[in-house]
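In the working numbering, the protein residues as written are 1 to 337.
Here a beta-carbon is modelled for each residue, glycine too, at the ideal position from N, C-alpha and C.
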């Protein structure tokens with residue numbers, strides 16, 4: 001949460017006049033301010049290239065693949081063409097139309113999903129103690145001490161980074177576009193995301209998977225596992241509401257990733273002419289990933305690429321740590337604290 005706060009504060013501080021920002025902006029201009037101009041330009045260029053690769057080969061394919069997997073499982077229909085067309089229409093028509101819909105639906109979907117998880121926990125409350133016992137036994141048994149803890153920690157970090165983007169610098173692009181004038185307020189709002197999606201939603205999902213006994217199934221890494229959790233207790237929810245919810249989450253995430261690519265391209269080339277070839281490339285990436293059955297490869301590739309983004313971003317945040325602390329001090333002084 002603190003890392004996300006820092007990167008958002010920095011991105012907001014060094015955003016351009018048209019409210020466009022991101023990690024490459026504070027890498028270039030922030031590091032130049034403290035005497036690391038060449039390092040800043042190198043990190044910014046490297047980060048922008050890596051971001052494009054991570055989105056096109058990792059982030060976007062994973063989300064598209066999960067939508068397709070869910071549609072195949074529930075309706076026995078491959079939605080690859082439909083998903084590709086929707087993405088194409090939206091990215092050509094601009095980001096604003098989908099931004100309004102996704103931001104309006106997201107809070108409702110989050111509350112609804114959490115409510116359904118709590119309902120399943122209540123229905124299976126007799127298994128709750130056993131589920132907690134399984135968790136703690138797996139943490140403290142001999143095999144865990146011998147390496148399971150480390151592997152579990154690595155898996156947890158991979159998933160949390162992919163879920164909340166903290167440390168990757170990507171979310172800073174979105175937060176830089178807000179109309180707020182105070183970077184501290186924007187940074188505090190950004191800290192809410194890791195709390196909700198990593199701590200609350202991921203924890204509830206994990207408890208539900210174990211309490212229902214689904215953790216022993218083969219498709220534990222697939223969206224179809226989550227769908228099957230609700231199929232028995234909440235058949236209408238699993239057939240209608242859950243697909244709509246997951247489509248809303250995944251599709252809005254795809255559009256957000258497309259926006260990240262657009263900002264990175266404009267930073268690298270300074271012209272919108274380069275956008276159309278990349279938009280076509282994104283649509284092709286969506287279609288191919290929808291047709292793929294190898295979710296493990298897509299997942300590992302996405303995790304690896306997102307982790308790579310953390311390297312230049314971590315270097316920049318460390319070098320600019322005084323900038324963040326000074327911004328915090330200025331905020332407190334202005335409030336008279």
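Asked: For residue 38, report the span of its alpha helix (DSSP H) as first-last.; Found: 37-54
Asked: Would you call the CB atoms of residue 245 and residue 55 closer than 7 angstroms?; Found: no
Asked: Going by other Cβ atoms of all chains shown within 10 Å of its Cβ, with 16 needed for buried, is residue 4 buried or exposed?; Found: buried
Asked: If residue 60 and residue 285 are in contact, beta carbons under 8 angstroms, what's the gap, nearest whole angstrom?; Found: 6 angstroms
Asked: Should residue 297 go down as buried or exposed, given a rule of 16 or more other Cβ atoms within 10 Å for buried?; Found: exposed
Asked: Does the beta-carbon of residue 136 have 16 or more other beta-carbons within 10 angstroms, so that it is buried, or is it exposed?; Found: exposed
Asked: What are the uninterrupted segments assigned as alpha helix (DSSP H) that are 4 or more residues long and contained completely in the segment 244-292, given in chain order?; Found: 275-291
Asked: Thinking just about the alpha-carbon of each residue, which of 249, 260 and 118 is nearest to the one in residue 168?; Found: 260
Asked: Around the C-beta of residue 30, are 16 or more other C-beta atoms found within 10 angstroms, so that it is buried, or is it exposed?; Found: buried
Asked: Can you find a C-beta in chain C that's less than 7 angstroms from the C-beta of residue 310?; Found: In the structure shown, chain C does not exist; there is a single protein chain.
Asked: How about residue 263 and residue 88: do their beta carbons lie closer than 7 angstroms?; Found: no
Asked: Since residue 325 and residue 34 should fall inside the 8 angstroms C-beta cutoff, what is the C-beta to C-beta distance between them, to a whole number of angstroms?; Found: At roughly 13 angstroms, the Cβ-Cβ gap does not stay under 8 angstroms, so residue 325 and residue 34 are not in contact.
Asked: Tell me whether the beta-carbon of residue 228 lies closer than 7 angstroms to the beta-carbon of residue 242.; Found: no
Asked: The alpha helix (DSSP H) with residue 304 in it runs from where to where?; Found: 295-319
Asked: For residue 14, which of helix, strand or coil comes out of DSSP?; Found: coil
Asked: Following the continuous alpha helix (DSSP H) through residue 203, name the residue where it begins and the one where it ends.; Found: 202-211
Asked: Less than 7 angstroms between the beta carbons of residue 65 and residue 292, yes or no?; Found: yes
Asked: Based on Cα-Cα distance, which residue from 44, 182, 272 and 32 lies nearest to residue 13?; Found: 182
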